[in-house]
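Trainee:
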Amino acid sequence: FNIYPSRQGLAVFGRDITERIAAEEAIKNYSEELKETNAAKDKFFSIISHDLKSPFQGLLGFSSVLKDEFENLTVEEIKTFTGHIQTTTQNLYNLLQTLLQWSRIQTGKIEFRPSTCNLSEDVSYAISLLQGMAEGKKINLVNNVNTNVSVYADTNMINSIFLNLITNAIK
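Oh and the sequence shown: position 40 is 861 in the working numbering, straight run, nothing missing.
1. Helix, strand or coil: which one does DSSP assign to residue 972?
2. Rounding to the nearest angstrom, what Cα-Cα distance links residue 911 and residue 847 in this structure?
3. For residue 895, does the three-state DSSP call read helix, strand or coil?
4. Using the DSSP secondary-structure output, state which residues sit across from residue 939 in a beta bridge.
5. Roughly how many angstroms lie between the CA atoms of residue 947 and residue 851, to the nearest whole one?
6. Taking DSSP as the reference, what is the three-state secondary structure of residue 944?
7. Less than 8 Å between C-beta atoms, sequence neighbours within five positions excluded: which residues of the same chain meet that for residue 980?
8. Cβ of residue 934 less than 8 Å from any chain D Cβ?
9. Just to confirm before moving on: does the CB-CB distance between residue 872 and residue 962 stay below 8 Å?
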């Protein structure tokens, strides 16, 4: 029912949706950040399980021999096995520290801090952490990196790379 039959018109109503669009964009950005954070978390857990498995296998092997063969071992053999356990435990602790640093980097809580690193020292560090695993498979790890080779990189990231590469090579 039109009270003005001779008039025709168009009514247009407008509404500012700028805030809604901004909110939707913010939600989209947060969603992407959450996906990235979850992916980093998944990668971190994968690396932890991968990198911690080997030292624990070494510890389990050495402690098992001590437990099962204690009466048959000489004092020197016991010292050797307990020395391996101590070294592996220290290396495991160092590995946990490295993984904690890596997780902080991935979550943006620590800055990427490159410096000049001696590649031979970094390879030696990784070998020391994985020596027990290699010995368990009767593999001899040798560092053939020239002691004069240096790189400009983040030491923690370099250590993670070498740990991953050497672990995969041992497997």
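In this text, a Cβ means the ideal position worked out from N, Cα and C, and glycines have one as well.
Here the structure is a predicted model, which is why all the values come from computation and not from measurement.
Mentor: Based on what the coordinates show:
1. Of the three classes helix, strand and coil, the one that applies to residue 972 here is strand, per DSSP.
2. 45 Å
3. coil
4. Residue 939 pairs with 971.
5. 37 Å
6. helix
7. 919, 943, 946 and 947
8. Judged by its chain identifiers, the structure shown contains no chain D, having just a single protein chain.
9. no
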